[in-house]
Amino acid sequence: MRFSLAAALALPLAAANALQIIGPSETSYWVQNTSNTITWQFSQGDPNPISINVVNANNATLNGVFAIAPFVNVSQQTFTVTNVTLRAGDGYQVQFVNASNTTQIFANSSTFSVKPAGTTPAPPVSASASATSSGASASGTSASGTSNSSSATATGAAHNSALSLTTSEGVFGVIAACGIASLSALLL
């Protein structure tokens, strides 16, 4: 009885961090020198605002973190990056990080590719059907000190409150909820 009551009280902690990057993905690649879109789902209580970075484990493809946009409101659910100057290659990931502490990662996309200029764009992935737009611009510097810049336009969409256990944050939220429930059960 103690455990089930504590677990029920801790469940909102797991649901509060459902930030999930939908695109880009393995099937939704980016193309150099074109507009490419990042889409995601979120729930009330998710970290907001976030900063958007691109990383690649292969340092020959991307040496360090490429900053796309700081202080993005998660309720927008989409962000379009124009004139992508990343090298063609595989193994890229979009990361949503704490806008004040970029070492704190909230969500990772699945790995995706950047295709050479002239490649047919991947089919779009959307978080919602309705959208409004506003402008922004982004620039970044990789760890190697190379400066990269690209302009970007952010497009906002309606709120989606899905619970996701497919992201590491959702799984860690459940683990944290179970830990809190266990601790509560011991204290009662």
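Taking mature numbering (1 follows the signal peptide of the UniProt record, and there is no 0), I'd label the letters of the sequence shown as residues -18 to -1, 1 to 170.
Glycine residues also receive a C-beta, built at the ideal position from the N, C-alpha and C atoms.
Cross-strand partners of residue i (DSSP beta bridge)
| i | result |
| --- | --- |
| F78 | I34 and A89 |
| F48 | V36 |
| V13 | K97 |
| T56 | The sequence as given places Val at residue 56; Thr does not occur at that position. Answer is none; V56 lacks a bridge partner. |
Pairwise C-alpha distance: residue j and residue i
| i | j | result |
| --- | --- | --- |
| residue 178 | G100 | Because the chain in this structure spans residues -18 to 170, residue 178 falls outside the shown range and cannot be described. |
| T85 | V79 | 7 Å |
| P31 | T102 | 33 Å |
| A89 | I3 | 7 Å |
| L44 | D28 | 29 Å |
| I34 | T19 | 12 Å |
| S82 | F61 | 19 Å |
| G5 | W12 | 10 Å |
| S7 | I87 | 18 Å |
| T93 | Q26 | 26 Å |
Opening and closing residue of the beta strand (DSSP E) in which residue i lies
| i | result |
| --- | --- |
| G5 | Q2 to G5 |
| Q23 | N18 to Q23 |
| T63 | Residue identity differs from the one stated: residue 63 is Val in this sequence, not Thr. Per DSSP, V63 belongs to the beta strand (DSSP E) from T60 to V63. |
| S95 | F94 to K97 |
Nearest residue (CA-CA) to residue i, options the options
| i | options | result |
| --- | --- | --- |
| S95 | T64, A104 and Q59 | A104 |
| V47 | V36, F53 and N41 | V36 |
| F24 | P52, V13, T60 and L1 | L1 |
| I50 | G27, V76, N40 and G71 | V76 |
| N40 | Q58, L68 and Q26 | L68 |
| V66 | Y11, T16 and G73 | T16 |
| T21 | I87, Q58 and D72 | Q58 |
| A42 | P6, Y74 and S7 | Y74 |
| A97 | G71, S82 and A81 | The sequence shown places Lys at residue 97, not Ala. Nearest of G71, S82 and A81 to K97, Cα basis: G71. |
| T64 | S82, N83, T93 and Q14 | Q14 |
Classification of residue i by the beta-carbon crowding that lies within 10 angstroms, buried from 16 upward
| i | result |
| --- | --- |
| T9 | exposed |
| N38 | buried |
| F53 | exposed |
| S91 | buried |
| P106 | exposed |
| S119 | Its pLDDT being 36, under 50, S119 is placed unreliably by the model, and nothing is read from it. |
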